[in-house]
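**Q** Protein chains in written order, with this note's numbering: chain A, 1 to 251; chain B, 1001 to 1123; chain C, 2001 to 2481. Take this structure first; my questions come after.
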Amino acid sequence: MRLKLRIWRQSGTSGEFRDYDATDVSEDMSFLEMLDELNERLIESGEEPIAFDSDCREGICGMCSLIIDGRAHGPELGTATCQLHMRKFHDGQQITIEPWRARAFPVVRDLVVDRSPLDRIIEAGGFISVPTGSAPEANDVPVPKEAAEAAMDAASCIGCGACVAACPNGAAQLFTSAKVAHLNLLPQGAPERDSRVVGMVDTMEHFFGSCTNHGECEKACPKEISIDFIALMNRDYVRAKFSNRALAGRH
Amino acid sequence: MERSREGLEKALSEIPVLREEFHKDVRVLGGDEQLNQSLEKAGRVSDFLEFSELMCADALHREESCGGHFRVESQTDEGEALRDDEHFAYAAAWEFNGVGSPESLHKEPLDFENVQLAQRSYK
Amino acid sequence: MTDVSTGGASGTGAPDPALDSKIPDGPIADKWENHKFDLKLVNPANKRKFTVIIVGTGLAGAAAAASLGELGYNVKAFCYQDSPRRAHSIAAQGGINAAKNYRNDGDSVHRLFYDTVKGGDYRAREANVHRLAEVSVDIIDQCAAQGVPFAREYGGLLDNRSFGGAQVSRTFYARGQTGQQLLLGAYQALARQIDAGTVEMFSRTEMLDLVMKDGRAVGIVVRDLVTGDVSSHSGHAVVLGTGGYSNAFFLSTNAKGCNVTAAWRAHRKGAYFANPCFTQIHPTCIPASEEFQSKLTLMSESLRNDGRIWVPGDSGDERAAIEIPPDERDYYLERRYPAFGNLVPRDVASRAAKLEVDRGRGVGSKKNGVYLDFADAISRLGRDTIEEKYGNLFQMYERITGEDPYAQPMRIFPALHYTMGGLWVDYDLMSTIPGCYVVGGGKFLRSRRQPPGRVRSHAGPGRRILRPAVHDLRLPGRSAR
C-alpha cells in the first residue's frame, strides 16, 4: 500500500512538518520498519534520515515513542510503536507522526526526545535499599500471591513516557504511581513506603504538570497499566504526610 | 545452524572485499556535532566487519562440533554434534595483529576434574 | 592438563604463558570461598580514592556499578541508550536459574554446576561455572529483597518452573518478563547510588576507545551521542559490560543498538578475544517474513514446558494445523529424545527443527517453521492457566503474525540469539589487559553455554573489589528466555 506521511523534522530549537510518500508498504511491516524503509530512500536521495528512538523492537525496552495521528504509540491499544504493524492502516491513508509532546521532554532531534526526568523520579526513591550481600533468604519473606501479582501489574511499566505525552497537562502520575505501587505493594518495600512516595511525588511535581483525572494516560499505556495505581499513590502520599514514621513498625 | 569448511572459506574471502567496499562507499549524511544515528551505525558496522572475520576464522579452526557450533564435517552417524576433546578442549583466545592480518591463537586448556567428559545425550 | 584417557583432555600442548586463568587451588567447592579470603581488602577510607569506569548498564554493568558504589568507590557508568533501564537484558523472558532446591527434587549447587558444564558441552572453565552455581542462590535472595516481583505460590513462597536441558525445576520467573524485572531491580539499585552521588551516570554516550598507559587500562574515550563531544575519562579500572555480538549476523533477536564496538576496540588494544565462533541459536523465534524485517522476535523458551513441537508427517501436507489428526503429526523431539522430549537444550532443538524444514516438512506460507502447539496444555490446564503463564507472549505473537495462538499452534523457527564468545578473562574477570575487566555477555563465557542458556557469572570479583551482584539471567542452565 501507499501512505502519505507528515513527519515532524527538527534540528535545534524549532521544527516543522514535512510530507513524505511511503510506497510499497507491506501490511506485515512494523511501523518502525516502514520508517526504516523510508529512511533508506531518504539516504539514497541525499536527505538526512529521520531520527527516531527504538532498541529492542519487542515492546519491552520502552525506547520507542511517536505520536501517531495524535495518539501516543498509535491506534492500537496496549501496543508500543515497535509492535504496531501496518495491517492496522489502509492504502492511501495520511499519517501524522510527531515526537512526544510534553514540556518535560524537550525534543533532541526530529522524533527523539529527552526523557531523563523519569530517571530523576526513580532516583528520588524508586528502589528498595538493599546493599549487595545483605539480603535475607528469599523465602523468609513470603509475599501473598495476590500482592505479587498486583506488584507485577505495576512493575510491567516500560518507562516509555506515553502517559506523559498523552496527558493534556503533561503529568507523569501514571508512570510514578506504577513505580511507587510496584514497591509499596510488596512487604519488602514497606520500611521505605512513606519516604519513597514523598520523594518520588515531590520530584515528579518538580518536572511535570499536575493530574486532573483525564485518564488519557491509561488509554495510551502500551502495557495497559491501571489508573487505579494513581489512587493508591495518592493515598500513600497523604498517609505518609500525616503518619509518624517512628511508629511504622507497630503494625 | 551449521558451518562447513567450504562456506567459512568463502566467507573469509568475501569479508575483506565487503569491508573495503563499505569504507569506499559508506555515506554518512549530517554532521558530527549533534545526534546522528547514521554515524553511530556506521561506526558499529565497521567494527562488525572486522570482528566477523575473526568469528569465521575461529569457526574454521575449530574442527569439531559442540553446542551451537556445528561443523558438518564433525557429526555422529545420527547427525548429532561430535566433539573432539583430544584436539579442541581449550578456549581459543585470539590476539589482534592489525586489520586484515591473521590473528595469533593462544590456547587455554580446559581441565575437567569434577565432571567426567562425555558425549551429551538427551535421548 | 591431563591425558585424554584419564578424562582430563586438552591435547593442546603446554599452557600458554599469556593466559594465566588464575584458578584458585583447592577442591572445586572451596575455590571461591578461599579466593575471597585470599583477596586483599581495600581500607574503607581508601575506597573513595579509586575510580571505576563501567561501560554498559545491563544486568552485569548496572549490578557492578551499584555494588561498587555501595562499597564506596567512585563509579562512572556509561550507556548508549537514553536511560540505563533500557539495556537488552530487559528482553530476557523465561527466568533465572538457581540451585535453591525449593522443589525438593534433588537439585543442588553441584547439580547446577554439573548441568551447566554439560549443557555448555564441556567448553567452559569448571571453576567459574562452579562459582556461578554457588552465587546463583544469593542472587535470588538479592533480587527478591530488592522487590523483583517473582511468581509466587498461594502460600506466598517462590514458584519455579522447568527449562530446556534440565530435569529439575529451578527457574525463577516473573511472568514472561523476568529479564525486565531483574534489570529494573539492578537499575533501581543503580539509581539509588546515582542519587547518593557514588555513581555518575552518562547516558546516550558511546565508548570509542580504551586508554592505555604502560600496558594498563587507565580510562576510556567516549562520544556524547547528543552533542557529538568526544571526551576521555580516567579510572583505576575499566569494566566492560557491553553485551554480545549477535548483530554481526543479518538478522538476530538482539536489540537494534547491540554492538561489538567496546569489546572490539579493547581487543584492538590488546585484549584477547576468545571463542568468537560460539554463538547460540535459539529454537523458539517467530519465523522470518520478508526482506524489510529489521529483527527477529523470540518467544520464550519457557513455552516448551507446555507446548509440544511437531510438523506434519507428510511433507506435502497443506492442511491447516488443527485439521491434521494426531496420528499424522510427527512430534519429532518427543520421538527422537524420549528422555527430554520438548525440553532438550537449545542447540539440539534448533538443529532438529532445521532438519525438519530442510526435509520439506516446514509449516507456514514460506514452509520455514515448525509448530509449537498448546492445545494439549490448554485442555489439560485450562486457558486461564496458560494465559496467566504466557499471556504476554501469546499477545506478542498475535501482534506480529496476526494469528491467534490459543486457536492454532504457533509457528516457530530458530534464530541467532546469544553469543558465548567474548573477551578472554581470568578467574577475576580481568582481560589480558591489566586493569580492564569484562562482565556479562561481553566476556567469553568460559562456557559456551550452548543452546541451553549460557553461563556467565557476572560481576565477579573484578579488581578484587567487585562482588557477585545480580548475576545475569540465562545463567546456569538455560534459564533466560
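C-beta: ideal position from N, C-alpha, C; glycine also.
Whole angstroms are fine: how far does the CA of PRO2345(C) sit from the CA of ALA1081(B)?
**A** Working through the second sequence from its first residue, we reach residue 1081(B) at position 81. Working through the third sequence from its first residue, we reach residue 2345(C) at position 345. Whole-angstrom Cα-Cα distance: 13 angstroms.
**Q** Rank GLU1086(B), LEU1105(B), ASN1097(B) by C-alpha distance to the C-alpha of PRO2017(C) and give the top, closest one.
**A** Within the third sequence, numbered from 1, the residue matching residue 2017(C) stands at position 17. Residue LEU1105(B) is the option with its Cα nearest to PRO2017(C).
**Q** With DSSP as the reference, label ASN2392(C) as helix, strand or coil.
**A** Your numbering for residue 2392(C) matches position 392 in the third sequence. DSSP places ASN2392(C) in helix when its eight states are reduced to three.
**Q** So that I know if they touch, is there some Cβ in chain C lying closer than 8 angstroms to that of ARG71(A)?
**A** Along the first sequence, one-based indexing puts residue 71(A) at 71. By this cut-off, ARG71(A) is not an interface position.
**Q** Could you tell me whether any Cβ in chain A is nearer than 8 angstroms to the Cβ of THR2297(C)?
**A** Sequence index remark: in the third sequence, residue 2297(C) carries index 297 (1-based). For THR2297(C), the answer is yes, since a Cβ of chain A falls inside 8 angstroms of its Cβ.
**Q** Starting from LEU5(A) and walking both ways along the beta strand (DSSP E), at which residues does that stretch end?
**A** Stepping through the first sequence from its first residue, residue 5(A) is reached at position 5. Looking at the DSSP string, the run of the beta strand (DSSP E) that includes LEU5(A) is 3-10.
**Q** Might you give, ordered along the chain, the residues of its own chain that have their beta carbon closer than 6 angstroms to the beta carbon of VAL113(A), omitting 5 neighbours on each side?
**A** The count along the first sequence starts at 1 and reaches residue 113(A) at position 113. Same-chain partners within the cutoff: PRO99, TRP100, PHE105, VAL107.
**Q** Tell me whether the region 2162-2180 of chain C and the region 177-194 of chain A touch, counting them as touching only if at least three CB pairs, one residue from each stretch, are closer than 8 angstroms.
**A** Touching, no.
**Q** Rounded to the nearest angstrom, what separates ALA1059(B) and LYS1010(B) at their Cα positions?
**A** In the second sequence, counting from the first residue as 1, residue 1059(B) sits at position 59. In the second sequence, counting from the first residue as 1, residue 1010(B) sits at position 10. Near 13 angstroms, if we compare the C-alpha coordinates of LYS1010(B) and ALA1059(B).
**Q** With DSSP collapsed to three states, give me the class of LYS2213(C).
**A** The residue labelled residue 2213(C) in the question sits at position 213 within the third sequence. In the structure shown, LYS2213(C) sits in a strand (DSSP, three-state: E or B).
**Q** Report the rounded CA-to-CA distance for ARG2351(C) versus CYS221(A), giving the unit in angstroms.
**A** Against the third sequence, residue 2351(C) aligns to sequence position 351. Against the first sequence, residue 221(A) aligns to sequence position 221. If I take the Cα positions, the gap works out to 39 angstroms.
**Q** So the alpha helix (DSSP H) ILE2139(C) belongs to, where does it begin and stop?
**A** Working through the third sequence from its first residue, we reach residue 2139(C) at position 139. Element bounds for ILE2139(C): 2126-2145.
**Q** Tell me which residues of the region 1048-1059 of chain B have at least one Cβ-Cβ distance to chain C shorter than 7 angstroms, keeping chain order.
**A** Residues PHE1048, GLU1050, PHE1051, SER1052, LEU1054, MET1055, ASP1058, ALA1059.
**Q** Leaving out five residues before and five after PRO2405(C) in sequence, what residues of the same chain have Cβ atoms less than 6 angstroms from its Cβ?
**A** Locating residue 2405(C) in the third sequence gives position 405, where the first residue counts as 1. Closer than 6 angstroms at Cβ, skipping near neighbours: PHE2394, TYR2397.
**Q** Which one of VAL1045(B), GLU1040(B), ALA1089(B), GLY1030(B) has the shortest CA to CA distance from GLU47(A)?
**A** Position 47 of the first sequence, counted from the start, is the residue given in the question as residue 47(A). Nearest C-alpha to GLU47(A): GLY1030(B).
**Q** Is the region 80-96 of chain A in contact with the region 143-151 of chain A, if contact means three or more CB pairs nearer than 8 angstroms?
**A** These segments do not touch.
**Q** Rounded to a whole number of angstroms, what is the C-alpha to C-alpha distance between ASP202(A) and VAL1045(B)?
**A** By 1-based counting over the first sequence, the position of residue 202(A) is 202. By 1-based counting over the second sequence, the position of residue 1045(B) is 45. About 44 angstroms.
**Q** Check whether the Cβ atoms of PHE31(A) and LEU118(A) lie closer than 8 angstroms to each other.
**A** Indexing the first sequence from 1 puts residue 31(A) at position 31. Indexing the first sequence from 1 puts residue 118(A) at position 118. No; because the gap between Cβ atoms is not below 8 angstroms, this pair is not in contact.
**Q** Using a Cβ-Cβ cut-off of 8 angstroms (strictly less than) and excluding sequence neighbours within five positions of CYS61(A), which residues of its own chain qualify?
**A** Taking the first sequence and counting its residues from 1, the one referred to as residue 61(A) is at position 61. So the qualifying residues of the chain are ASP55, ILE158.
**Q** For chain C, find out if any of its Cβ atoms is closer than 8 angstroms to the Cβ of ASP110(A); answer yes or no.
**A** Here the question's residue 110(A) lines up with position 110 in the first sequence. It does not: the Cβ of ASP110(A) has no partner Cβ on chain C nearer than 8 angstroms.
**Q** Could you check the C-alpha separation between LEU1054(B) and GLU1103(B) for me, to the nearest Å?
**A** Residue mapping note: residue 1054(B) aligns to position 54 of the second sequence, counting from 1. Residue mapping note: residue 1103(B) aligns to position 103 of the second sequence, counting from 1. One C-alpha to the other measures close to 8 angstroms.
**Q** Could you give the distance in angstroms between the alpha-carbon of SER2083(C) and the alpha-carbon of SER116(A)?
**A** Walking along the third sequence from the start, residue 2083(C) turns up at place 83. Walking along the first sequence from the start, residue 116(A) turns up at place 116. The alpha-carbon atoms of SER2083(C) and SER116(A) are separated by roughly 7 angstroms.
**Q** Is the Cβ of SER1038(B) closer than 8 angstroms to any Cβ of chain A?
**A** Here residue 1038(B) is taken as the residue at index 38 of the second sequence, counted from 1. Yes, contact with chain A.
**Q** What residues of chain A sit near LEU1029(B), judged by a beta carbon separation below 8 angstroms?
**A** Here residue 1029(B) is taken as the residue at index 29 of the second sequence, counted from 1. Ordered by position in chain A, the residues that pass the 8 angstroms Cβ test against LEU1029(B) are ILE43, GLY46, GLU47, GLU48, PRO49.
**Q** Pairing CB atoms from the region 35-42 of chain A with CB atoms from the region 125-132 of chain A, are three or more of them under 8 angstroms?
**A** At 8 angstroms Cβ cutoff, the stretches do not touch.
**Q** Could you check which residue in THR2116(C), ARG2152(C), GLY2155(C), ARG2123(C) has the C-alpha nearest to that of SER2136(C)?
**A** The residue labelled residue 2136(C) in the question sits at position 136 within the third sequence. The residue with the shortest Cα to Cα distance from SER2136(C) is THR2116(C).
**Q** Just curious, the beta strand (DSSP E) that LEU188(A) is in, first and last residue?
**A** Taking the first sequence and counting its residues from 1, one reaches residue 188(A) at position 188. Per the sequence presented here, residue 188(A) reads as Gln, with Leu not at that position. First-last for GLN188(A): undefined, no H or E at that position.
**Q** Is the CB of SER30(A) under 8 angstroms away from at least one CB in chain B?
**A** Numbered from 1 along the first sequence, position 30 holds the residue referred to as residue 30(A). No, no contact with chain B.
**Q** For ASP2314(C) versus GLU2328(C), is the C-beta spacing smaller than 8 angstroms?
**A** Taking the first residue of the third sequence as 1, we reach residue 2314(C) at position 314. Taking the first residue of the third sequence as 1, we reach residue 2328(C) at position 328. The answer is yes: Cβ separation under 8 angstroms.
**Q** Where are the alpha helix (DSSP H) runs, 4 residues long or more, that stay fully inside the region 2159-2197 of chain C, in chain order?
**A** If we require 4 residues or more, the alpha helix (DSSP H) runs fully inside the region 2159-2197 of chain C come out as 2178-2196.
**Q** Taking ILE122(A) as the query, report the chain C residues whose CB atoms sit under 7 angstroms from its CB, ordered along the chain.
**A** As a working note, residue 122(A) is residue 122 in the first sequence. By Cβ distance, chain C contributes GLN2188, ALA2191.
**Q** Can you name the start and end residues of the alpha helix (DSSP H) that TRP2032(C) belongs to?
**A** Counting from 1 along the third sequence, the entry for residue 2032(C) is found at position 32. Residues 2031-2038.
**Q** If the criterion is Cβ atoms closer than 8 angstroms, does the pair ALA154(A) and LEU185(A) meet it?
**A** Position 154 of the first sequence, counted from the start, is the residue given in the question as residue 154(A). Position 185 of the first sequence, counted from the start, is the residue given in the question as residue 185(A). Result yes, Cβ atoms of ALA154(A) and LEU185(A) sit closer than 8 angstroms.
**Q** Does the CB of TRP2424(C) have a neighbour CB from chain B at under 8 angstroms?
**A** Translated into positions along the third sequence, residue 2424(C) becomes position 424. Output row for TRP2424(C): interface = yes.
**Q** What does a CB cutoff of less than 6 angstroms around ASN2104(C) pick up in its chain, not counting 5 residues either side in sequence?
**A** Residue 2104(C) sits at position 104 when you count from the first residue of the third sequence. Result list for ASN2104(C): empty, nothing under 6 angstroms.
**Q** Check the Cβ-Cβ distances between SER226(A) and every residue of chain B, and say whether any is below 8 angstroms.
**A** For this step, residue 226(A) is matched to residue 226 along the first sequence. By this cut-off, SER226(A) is not an interface position.
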